[in-house]
Each structure stands twice: as C-alpha cells, then as structure tokens.
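**Student:** Sharing a structure, written as structure tokens. Questions coming.
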Amino acid sequence: MQLKDKVILVTGAASGIGRQACLTLAKGGARVFATDLNGAGAAETVGRIEAEGGQAASVAHDVTDPQDWQRVVGDIDRLAGRLDGLVNCAGLMVVRPFQDTDFALYRRQQTVNVDSVWLGCQAARALMAKTAALGKACSIVNLSSILGQKGGSMHAAYCTSKGAVRLMSKALAVELGRWQIRVNSVHPGLVETPLGIGSMQDMISHGVPIPSVEAAVGMVAQRTPLGRMAQPQDVANVIAFLCADESAYVTGSELTVDGGYSIN
C-alpha cells in the first residue's frame, strides 16, 4: 500500500487498535505521530516503531481538550509541514445496564468517543486542506464499532456514541470533499484488546450468565463465520488501506471488520 512519506496522526496510540495502527502505518513507510493521554504508552509504541526502522514521535494528548488539539496539530505543522492522515482511535467503553448509567457516565463516553472526533477533525482540517492542495489527497479514519450499527444490551451509552461517529463521518465526507479530504468509519466487532477483554469481564460482573472471559471468547468465535475473535492487526490493515492511495476514491463509507459476526 502506498503510505511512503505520508504524515499520519493516530490517537489512542498507547495500546490496542491504536498501537497496532501506528505499527502498521509506519511499516508501510508513513511518518507517524502517536498520541495518547497515556504519554508513556505512546512513547512505548514509538520505541517499537523505531526499533523496526520506522519514523515516529509520541505526544501526550488529551483528545477531549480543544486547546490540546490545536497544540498537537500546530506541532505537526511546525515539524512536518503537512498532515496526510488522521486516525481517531481514542475511545472509552463502560459496560453498564441502562438503568444504572448515570448522566455523568453517559456524558463521559460521549465526550471521549464523539467530542474528541469532532475536535480532531476540526483541528486537522486546515492543515489537511493545505496538504491536499499540494496534490496529496488526505484521509480521516474514525473508529466506530459494530455497536454503532446495531444495538447491544448494557451498551446503550457506547452505542449512542459510536452511532454518532458513524453519521458524523458520512456528513464530514460530504463537507470536506471539496478540499480532497476523505472521511470513512471503521466498525470492528469484538477485538482481543484490553478494551475488548475488559468489556467481557464487565458484562460478567454485571450478571451476564457466562462463566469466564475465556468462555465468552469461545462463544464469540463460535458465532463468527470466520471462527475466531478479531486481532488488532485485522483492524489495523483496514485503517492502513483507508489511509493509503489505493483507497483514493473511497469516502463516506463504513467498513465492518468483524469476521461476519454481525450478520450471523
């Protein structure tokens, strides 16, 4: 995939899908700016990239803070002078029955999962438009979920946030196309990450009759036509495609990466 010399900002880079996206993009030749509230975790991701000969820098970054977004994008402009891609991976999932989800917890999930994407797209637009004007079409990839496409018990707040990301991405694809900025959403199913495994443990602790996380993983694999739970690399490959020149005519799309789980 054509990623060589692209400058790409990835949030949520300290672990899981965000980390794997950074590693995959860098392996393809991109210069990666890896950001996370967990600055040490982002630095660890960058260390792994550099150990493999890639180019990357880590940034401690609060994606819910508008001023922090301006700082991060400003630093990228100063250091690289361009921004070819933005991958919004930062996210929060709290599993809780609807009746036990107070408004503060609901708002926290919207702030992290929705507001951060809005802020990131707004902060990055001008620099991406400047980059695209040089003849380099740009790409925004927003991480949603299959729970942004369908409902899920004990995930009402999370579903609300990821559904918002899905439609925001489509609306921005329409508006930002004039600047040759593509916008797409990626919808993973259950992925073997700290977030995914943690959500299974939370469901068990809230009374879902599954004996263990291992049993839950087995149930997911059994229902999935491809017979296994997703790995971060499965999602990172799709993110890399959407950032690459090979997807130059793809915008406003939602790519489901769940091994067929949601259609079975």
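For the sequence shown, the numbering used here gives the first residue as 1, with consecutive numbering after it.
Ideal Cβ positions, reconstructed from N, Cα and C, are used throughout, including at glycine.
If you're wondering where the values come from, they're calculated on a predicted model, not measured in any experiment.
Do H187 and Q222 have their C-beta atoms closer together than 7 Å?
**Tutor:** Indexing the sequence shown from 1 puts residue 187 at position 187. Indexing the sequence shown from 1 puts residue 222 at position 222. Their beta carbons are not under 7 Å apart, which means H187 does not touch Q222 by this criterion.
**Student:** In whole angstroms, give me the CA-to-CA distance for L237 and M203.
**Tutor:** The count along the sequence shown starts at 1 and reaches residue 237 at position 237. The count along the sequence shown starts at 1 and reaches residue 203 at position 203. Rather than Leu, the amino acid found at residue 237 in this sequence is Asn. Their Cα atoms are separated by approximately 28 Å.
**Student:** Please classify Y249: is it buried, with 16 or more other beta-carbons within 10 angstroms of its beta-carbon, or exposed?
**Tutor:** Within the sequence shown, numbered from 1, the residue matching residue 249 stands at position 249. Looking at its Cβ environment, which holds fewer than 16 other Cβ atoms inside 10 Å, Y249 is exposed.
**Student:** At the level of alpha carbons, what is the spacing between H61 and W179?
**Tutor:** The count along the sequence shown starts at 1 and reaches residue 61 at position 61. The count along the sequence shown starts at 1 and reaches residue 179 at position 179. If you take the alpha carbons of H61 and W179, they lie about 26 Å apart.
**Student:** For a quick check, are the C-beta atoms of C243 and S116 less than 7 Å apart?
**Tutor:** Indexing the sequence shown from 1 puts residue 243 at position 243. Indexing the sequence shown from 1 puts residue 116 at position 116. For C243 and S116, no; Cβs fall outside 7 Å.
**Student:** Could you tell me how far apart the beta carbons of A30 and V46 are, in whole angstroms, since I believe they sit closer than 8 Å?
**Tutor:** By one-based count along the sequence shown, residue 30 stands at place 30. By one-based count along the sequence shown, residue 46 stands at place 46. Actually they are not in contact, since the Cβ atoms of A30 and V46 sit about 13 Å apart, beyond 8 Å.
**Student:** Put C138 into one of helix, strand or coil per three-state DSSP.
**Tutor:** By one-based count along the sequence shown, residue 138 stands at place 138. Here C138 sits in strand by DSSP.
**Student:** Since G12 contacts C89 with CB under 8 Å, what's their CB separation in whole angstroms?
**Tutor:** Residue 12 sits at position 12 when you count from the first residue of the sequence shown. Residue 89 sits at position 89 when you count from the first residue of the sequence shown. Yes, G12 and C89 are in contact; Cβ-Cβ is about 4 Å, under 8 Å.
**Student:** If contact is defined by three or more beta carbon pairs under 8 Å, each pair taking one atom from either stretch, is the stretch 188-195 in contact with the stretch 225-232?
**Tutor:** Counting Cβ pairs under 8 Å, three or more are found: they touch.
**Student:** Looking at the secondary structure, which residues open and close the alpha helix (DSSP H) in which V165 lies?
**Tutor:** Sequence index remark: in the sequence shown, residue 165 carries index 165 (1-based). 156-176 is the span of the alpha helix (DSSP H), which, as asked, contains V165.
**Student:** Under a Cβ-count criterion, where at least 16 other Cβ atoms within 10 Å of its own Cβ denotes burial, should G91 be classed as buried or exposed?
**Tutor:** Counting from 1 along the sequence shown, the entry for residue 91 is found at position 91. Its Cβ being crowded by 16 or more others within 10 Å, G91 is buried.
**Student:** Would you mind working out which of P97, A132, I197, E214 sits nearest C159, comparing C-alpha positions?
**Tutor:** By one-based count along the sequence shown, residue 159 stands at place 159. When only C-alpha atoms are compared, the closest one is P97.
**Student:** DSSP three-state call for G91: helix, strand or coil?
**Tutor:** Counting from one through the sequence shown, the residue named residue 91 turns up at place 91. Three-state DSSP puts G91 in coil, outside helix and strand.
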